[in-house]
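Read in order, the letters of the sequence shown are residues 113 to 316 in this note's numbering.
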Amino acid sequence: MGDKTQLLAMAFAAKYRWQTVLWAVFAATAVNHLMAAAAGNYLASVVPMVYIKTAAAVSFIIFGLWTIRGDTLGDEDKRFNFSPFWTVAVAFFIAEMGDKTQLATVSLVVEYNSVVRVWMGTTIGMVISNAIGIIAGNVMGKHIPERAIKWFSAVVFIAFGVYGLYDNLPKDIWSPFVITGGILLLFSSLYMMARVSEKREMKG
C-alpha cells in the first residue's frame, strides 16, 4: 500500500480504462512474481535454510522501514508508448524489478517453501492493492490518512521480521542487552525514516 506501483496504477487509471490497467497489472505482476518465486526456490536449494530465513526476517524489517520512507513516481507513466495494455504492463514489470514487493516474494517463498502458493498470493495481493489505488483511492484518502495506511503496512512488515528473527536465531542470543539494543536500533531507524518521509513530502 502506498508504494510506487500503486502510484503508477493511479496515474495510468487517469489516462486509460481502469479495466485495461487492472488486467495489465495482473499480467505484469504474475510474470514478475513468478520469476521472484523461482529465484526464492532456487536460493532455498543452495543455501542453508536457517541463514535464508534469518536474512528474510531482516529483509522484512527493512521493507517496513522502506514503506515508511515512501516511494515517489518519476516518469514511469510516460516512458513507454505502446498500446494502453502493453504500456501499463511493461511499465509495471520494470517498476517491480527490485521493488520491495518483488523482494518480499522471494523472502516468502523461502519462508513457506511453496512457489505456487506464494506466487498466487502475492499476485492477488498486488492486484487488490492496485485496484484499491485505482477505484477507491480517492474515497480512502478522504477517510483514512495516507500516513496511517503507510504506518500500518510498515508495522505488519516489521512484525513479521521480528517474529522471524526470534523464531530462527538461537534462543540464548536474546539477552536483555541484545533486546534493548535491538529495540533502540529499530525505533531510531523508524524515526530516521519518518524524518526522510516528511522531507520528501515537503519537497513534493
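Even for Gly, the Cβ is constructed at its ideal location relative to N, Cα and C.
Quantities reported herein were computed from a predicted structural model and do not represent experimental measurements.
Query, Result
"Taking a contact to mean a Cβ-Cβ separation below 9 Å, would you say I174 touches L302 in this structure?", "no"
"Which residues in the same chain as A125 place their Cβ atom closer than 7 Å to its Cβ, once the five residues preceding and following it in sequence are excluded?", "V133 and I246"
"Does the separation of the CB atoms of N153 and V227 fall below 9 Å?", "yes"
"Does the distance from the C-beta atom of E208 to that of T141 stay below 9 Å?", "yes"
"Buried or exposed for F172, please, with buried defined as at least 16 other CB atoms from any protein chain shown within 10 angstroms of its CB.", "buried"
"In angstroms with no decimal places, state the Cα-to-Cα distance between F289 and L296.", "11 Å"
"Take the Cβ of A203 as the centre, count every other Cβ of all protein chains shown within 10 Å, and call the residue buried at 16 or more, exposed below.", "buried"
"So, at 8 Å on beta carbons, what are the nonlocal neighbours of V162 in its own chain, with the 5 sequence-adjacent residues on each side left out?", "N280"
"Candidates R129, A168 and F138: which alpha carbon is nearest M232's?", "F138"
"Report, in whole angstroms, the separation of the C-beta atoms of A168 and G276, which I expect to be a contact under 8 Å.", "6 Å"
"Taking the alpha-carbon positions, what's the M305 to S157 distance?", "34 Å"
"Thinking C-alpha only, which one of P196, A151 and V218 is nearest A123?", "P196"
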